[in-house]
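K.L.:
Chains as they are written, first to last, in this note's numbering: chain A, 1 to 371; chain B, 1001 to 1371.
Glycine included, each C-beta is placed from N, C-alpha and C at the ideal position.
Keep in mind that this is a model prediction, so the values were computed, not measured.
Structure provided below as structure tokens; questions to follow.
Protein chains: 2
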Amino acid sequence: MTPGPTEVPESALLGMARQMSHHRTPEFRKLLAEAQAGLKHVLATQNDVAILTSSGTGAMEAAVVNAVPRGGKALVLESGKFAERWRKLCEVFGIEVVRYEVPWGEAFQADEVARRLEQHPDIAAVFTTLLETSTGVGHDIEAIGRVVGPSPALLVVDGISGVGVMECRTDAWGIDLLAVGSQKALMTPPGLAFLAISPAAWRRIESIQRPAFYFDLMAYRKALADSDTPYTPAIPLVRALVESLRKIQAVGIERIWAESRRLAQALRAGVETLGLRLAAARPADGMTAVFLPEGVDGRAFLQRLEGRFGLKFAGGQGPWKGRIFRIAHMGLVDELDIVSTVAALELALAEAGQNVKLGTGVAAASRVLAQ
Amino acid sequence: MTPGPTEVPESALLGMARQMSHHRTPEFRKLLAEAQAGLKHVLATQNDVAILTSSGTGAMEAAVVNAVPRGGKALVLESGKFAERWRKLCEVFGIEVVRYEVPWGEAFQADEVARRLEQHPDIAAVFTTLLETSTGVGHDIEAIGRVVGPSPALLVVDGISGVGVMECRTDAWGIDLLAVGSQKALMTPPGLAFLAISPAAWRRIESIQRPAFYFDLMAYRKALADSDTPYTPAIPLVRALVESLRKIQAVGIERIWAESRRLAQALRAGVETLGLRLAAARPADGMTAVFLPEGVDGRAFLQRLEGRFGLKFAGGQGPWKGRIFRIAHMGLVDELDIVSTVAALELALAEAGQNVKLGTGVAAASRVLAQ
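What follows is the structure, given as structure tokens:
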């Protein structure tokens, strides 16, 4: 239960074991077209979705170099390790950065974004994050979209960890560029990244000089019209993607969002009942970050959970290294995974000498699930 | 028998069907270390080899942006579609290009390279191609290496199609940056690319400002020291790579080079006996490009070969569209594949109304194989 790579459905694993075929064929174009349609459903968009052979960071780079020209200005919303990546990308590509920073664990305020857009009317793009994986915060992209919408700035969102598990309405919320990774809620192995591109983003891309070749979205636009990719795609990963998207579409993304929220609420109820404190002021529905109790060694605690129960959680990063642990719940995670996660936490805390009443966390989680 | 994606061994296909595990674990680091060692064998190098999640074009971009700073000067050796990609990459990243162009199908002359290096002592890198897939030419990298070696320029080679099938001695020939793709002679699905980086290349990379983030090799260097990758790798493709590399190492790269040469010689003998003309003045051992005879429609010819025999060849590109066809022979291609390819050509030419004596091409190919 780490925030990616997540478990991949059997049909997708078996899809990868098929022999290669050539990618510039009607059969493979049909597969790419199906992947496109499935991604549009998951991303709740009618926009084009480019399929990149890269990690999610590649899609972030593509968004930066295609949205803001060298010497342009960007507003970066910073509150964690992955938001920080937006700033570093902007700096590498010669973009002037205006920062709006909130402490780790807190959420961005839309009116603070609006204030900075007024102060700097030449901001070309606002970079933010749906699920900040380092803190477990789910940012209010809908509210941010409302203040960015009327401005000339593009809204660029890192949805790598959040899309497919927590509500994210690309078109309704006015997201111009949405970066998504394959290995999180999309239940596909790592190696593909996706970028939804709005008509306004296309106009920007057409109008600026882009320091990009592999990530030049104009090449993808030309290929997209033909259900093709500009460079040889990772064929087995595309096959896996199509299988996983079929599973998602069979349920429907709206229902997945609702289900994921219920699971997250159950986990949070269980965790808080055990006296643990959530790390995120606005917890995301795809991942729960929890402060370690005083006196519990993080490393030993996570090793005990993995060794005894085979349960792998992620530790903290940056300033929160050794202070938190992170439980991802997306993709194939179900009700009983949540219940048993809470049960394992109870046992591990008791063994670590914490004063927990066994069964109380599980009871709290189950009460949410029973509703 | 197209120039990639090539057939993938069963062990590699099955390796991909395994469930995901986390990549920052001792088990996965061990796999990455094995991949590193195998790649060093195949590339005949002691240099570091970075593993990128991208198509081969990504490795080419990485080579360009890490080897030559914006405003620097590069010598690009041009003679086909893929050599042209070096020039386009340089142009996009603000590098001044000195061109040395020879007509399609011809090979570069080392003394012409030397002359340009003398004329432009500020050339920071020479970009060239091992196997130019659009023409079937195998360029003399050894000779080019001898003239680039004493100059301050780095030697950068696109070995995407050639490495693993034709002789390529990275260290002995003085190749500073060698870009390789997974889906050609390495018998791995597309989606990974490799870059061998010499100590001189590392010194250059350290010393220049790099307009790169996803492809910034300094991030790979840091990760390499720890048998890690800077961004989430394409786990199934790494597993497939390790399986395919085991197969290559079991034979040994020197023996594969020699075998591939023999197969190429047999195919060329067969093709020429049928009265067909080779397109490449210096044919590569991994791919044979052949001019279509007068009066034969290329499209119909290739469709007949595919429809009747299930044999897929590639057509021509750019100025050679409709004028040539291209037969790749790398990876799992063996003696009988060569013989049956020539037999199929005989039958297809006869059906296209050409005057061929059935069996003569096969006999010529077999005589080479009998030696």
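1. Are valine 1148 of chain B and leucine 1178 of chain B closer than 8 angstroms when you measure CB to CB?
2. Answer with yes or no whether the minimum CB distance from serine 1055 of chain B to chain A is below 8 angstroms.
3. With a threshold of 7 angstroms on Cβ separation, who are the neighbours of proline 121 of chain A within its own chain once the five nearest residues in sequence on each side are excluded?
4. So glycine 298 of chain A contacts chain B; which residues on that side make the cut at Cβ distance below 9 angstroms?
5. What are the partner residues of leucine 1177 of chain B, as DSSP defines its beta bridges?
6. If you pair each beta-carbon of the segment 245-259 of chain A with each one of the segment 1207-1223 of chain B, do three or more pairs fall below 8 angstroms?
7. Tell me, to the nearest whole angstrom, how far the beta carbon of alanine 1124 of chain B is from that of valine 1068 of chain B; I am working on the premise that it is less than 8 angstroms.
8. Thinking C-alpha only, which one of B/Ala1201, B/Gly1353, B/Glu1254, B/Glu1243 is nearest alanine 1017 of chain B?
9. Considering only residues of the segment 1225-1303 of chain B, which uninterrupted beta strand (DSSP E) runs meet the minimum length of 3 residues and lie entirely inside it, listed in chain order?
10. If we define contact as Cβ-Cβ less than 8 angstroms, is threonine 2 of chain A a contact residue for chain B?
11. How many angstroms separate the CA atom of alanine 1033 of chain B from the CA atom of serine 1011 of chain B?
12. Quick check on the DSSP output: the beta strand (DSSP E) that includes aspartate 48 of chain A runs from which residue to which?
13. How would you list, in chain order, the residues of chain A whose beta-carbon sits under 8 angstroms from the beta-carbon of phenylalanine 1093 of chain B?
14. For chain B, find out if any of its Cβ atoms is closer than 8 angstroms to the Cβ of methionine 16 of chain A; answer yes or no.
15. Is the shortest distance between the beta-carbon of isoleucine 1235 of chain B and the beta-carbons of chain A less than 8 angstroms?
16. So which residues of chain B does proline 372 of chain A contact, with C-beta pairs closer than 7 angstroms?
17. How far does the beta strand (DSSP E) with alanine 377 of chain A in it extend, from its first residue to its last?
18. Could you have a look at glutamate 106 of chain A and say whether DSSP puts it in helix, strand or coil?
19. Given a threshold of 16 other Cβ atoms within 10 Å of its Cβ, counted over all protein chains shown, does threonine 273 of chain A qualify as buried or as exposed?
20. Between the segment 1324-1353 of chain B and chain A, which residues of the former have CB atoms less than 8 angstroms from a CB of the latter, in chain order?
21. Residues of the segment 1170-1195 of chain B with a CB closer than 7 angstroms to any CB of chain A: list them in chain order, please.
22. At a CB-CB cut-off below 7 angstroms, which residues of chain A make contact with valine 1008 of chain B?
23. Where does the unbroken beta strand (DSSP E) through arginine 1169 of chain B begin, and where does it stop?
24. Using Cβ-Cβ distances below 9 angstroms, what residues of the segment 128-141 of chain A are close to chain B?
25. Tell me which residues share the same chain as arginine 277 of chain A and place their Cβ nearer than 6 angstroms to its Cβ, disregarding the 5 neighbours each side in the sequence.
26. Using the C-alpha atoms, what's the distance from alanine 1110 of chain B back to glutamate 1096 of chain B?
27. Closer than 8 angstroms, CB to CB, is alanine 305 of chain A near chain B or not?
28. How many Å lie between valine 180 of chain A and leucine 195 of chain A at the Cα?
29. Determine which residues of the segment 1071-1090 of chain B have a Cβ less than 8 angstroms from any Cβ of chain A, and write them out in chain order.
30. So, are the CB atoms of phenylalanine 164 of chain A and leucine 155 of chain A less than 8 angstroms apart?
31. Any beta carbon of chain A sitting closer than 8 angstroms to that of glycine 1159 of chain B?
32. Rounded to the nearest angstrom, what separates leucine 131 of chain A and valine 137 of chain A at their Cα positions?
33. Closer than 7 angstroms by C-beta to glycine 270 of chain A: which residues in its own chain qualify, once you throw out the five before and the five after it? Chain order, please.
34. Scan the segment 311-324 of chain A for residues whose Cβ lies nearer than 8 angstroms to a Cβ of chain B and list them as they occur along the chain.
35. What is the DSSP secondary structure of phenylalanine 309 of chain A, reduced to helix, strand or coil?
36. Give me whichever residues DSSP pairs with alanine 1328 of chain B in a beta bridge.
P.N.:
Based on what the coordinates show:
1. Here residue 1148 of chain B corresponds to residue number 148 of the second sequence, with the count starting at 1. Here residue 1178 of chain B corresponds to residue number 178 of the second sequence, with the count starting at 1. No, the Cβ-Cβ distance between valine 1148 of chain B and leucine 1178 of chain B is not below 8 angstroms.
2. Here residue 1055 of chain B corresponds to residue number 55 of the second sequence, with the count starting at 1. Closer than 8 angstroms to some Cβ of chain A, the Cβ of serine 1055 of chain B qualifies, so yes.
3. For the purposes of this step, residue 121 of chain A is taken as residue 121 along the first sequence, with counting starting at 1. Correct list: empty, nothing qualifies.
4. Along the first sequence, one-based indexing puts residue 298 of chain A at 298. In chain order: nothing, as chain B lies at least about 16 angstroms away.
5. Position 177 of the second sequence holds residue 1177 of chain B. DSSP, once it has assigned bridges, lists B/Val1156, B/Ile1197 as partnering leucine 1177 of chain B.
6. no
7. On the second sequence, position 124 is the one that residue 1124 of chain B refers to. On the second sequence, position 68 is the one that residue 1068 of chain B refers to. Correct: roughly 5 angstroms between the Cβ atoms.
8. The residue you call residue 1017 of chain B lines up with position 17 of the second sequence. It is B/Glu1243.
9. 1287-1291
10. Position 2 of the first sequence, counted from the start, is the residue given in the question as residue 2 of chain A. Answer yes: the Cβ-Cβ gap between threonine 2 of chain A and chain B drops below 8 angstroms somewhere.
11. In the second sequence, counting from the first residue as 1, residue 1033 of chain B sits at position 33. In the second sequence, counting from the first residue as 1, residue 1011 of chain B sits at position 11. Using only the alpha carbons, I get a separation of about 19 angstroms.
12. Position 48 of the first sequence, counted from the start, is the residue given in the question as residue 48 of chain A. Unbroken beta strand (DSSP E) run through aspartate 48 of chain A: 48-53.
13. In the second sequence, counting from the first residue as 1, residue 1093 of chain B sits at position 93. The contacting residues are Pro211, Phe213.
14. Here residue 16 of chain A refers to the residue found at position 16 when the first sequence is read from its first residue. Chain B, which has a Cβ nearer than 8 angstroms to the Cβ of methionine 16 of chain A, makes this yes.
15. As a position in the second sequence, residue 1235 of chain B is number 235, starting the count at 1. Yes, contact with chain A.
16. The structure shown does not extend to residue 372 of chain A, since chain A spans only 1 to 371, so no value can be given for it.
17. The displayed coordinates of chain A run from 1 to 371. Any statement about residue 377 of chain A would go beyond what the structure contains.
18. Sequence index remark: in the first sequence, residue 106 of chain A carries index 106 (1-based). DSSP places glutamate 106 of chain A in coil when its eight states are reduced to three.
19. Along the first sequence, read from residue 1 onward, the residue named residue 273 of chain A stands at position 273. Buried: at least 16 other Cβ atoms inside 10 Å.
20. none
21. Gln1183, Pro1189, Pro1190, Gly1191
22. Within the second sequence, the letter at position 8 stands for residue 1008 of chain B. Within 7 angstroms Cβ-Cβ: Gln19, Met20.
23. In the second sequence, the residue the question calls residue 1169 of chain B occupies position 169. No beta strand (DSSP E) holds arginine 1169 of chain B; DSSP gives it neither H nor E.
24. none
25. Taking the first residue of the first sequence as 1, we reach residue 277 of chain A at position 277. Closer than 6 angstroms at the Cβ level, and outside the excluded window around arginine 277 of chain A, lie Phe291.
26. The count along the second sequence starts at 1 and reaches residue 1096 of chain B at position 96. The count along the second sequence starts at 1 and reaches residue 1110 of chain B at position 110. Going from the Cα of glutamate 1096 of chain B to the Cα of alanine 1110 of chain B covers about 21 angstroms.
27. The count along the first sequence starts at 1 and reaches residue 305 of chain A at position 305. The amino acid occupying residue 305 of chain A in the given sequence is leucine; alanine does not appear at that position. Output row for leucine 305 of chain A: interface = no.
28. Within the first sequence, numbered from 1, the residue matching residue 180 of chain A stands at position 180. Within the first sequence, numbered from 1, the residue matching residue 195 of chain A stands at position 195. For valine 180 of chain A and leucine 195 of chain A, the distance between alpha carbons rounds to 6 angstroms.
29. Lys1088, Leu1089
30. Locating residue 164 of chain A in the first sequence gives position 164, where the first residue counts as 1. Locating residue 155 of chain A in the first sequence gives position 155, where the first residue counts as 1. A small correction: the amino acid at residue 164 of chain A is glycine; phenylalanine does not occupy that position in the sequence shown. It is not a contact, given that the beta carbons lie outside the stated cut-off.
31. What you label residue 1159 of chain B is simply residue 159 of the second sequence in a count that begins at 1. No - not a single Cβ of chain A is within 8 angstroms of the one on glycine 1159 of chain B.
32. Locating residue 131 of chain A in the first sequence gives position 131, where the first residue counts as 1. Locating residue 137 of chain A in the first sequence gives position 137, where the first residue counts as 1. If I take the Cα positions, the gap works out to 6 angstroms.
33. Taking the first sequence and counting its residues from 1, one reaches residue 270 of chain A at position 270. Excluding residues within five positions, the ones whose Cβ falls inside 7 angstroms are Val342, Gly361, Val362, Ala364, Ala365.
34. Lys312
35. The residue you call residue 309 of chain A lines up with position 309 of the first sequence. DSSP places phenylalanine 309 of chain A in helix when its eight states are reduced to three.
36. Sequence index remark: in the second sequence, residue 1328 of chain B carries index 328 (1-based). In DSSP, alanine 1328 of chain B forms a bridge with B/Met1287.
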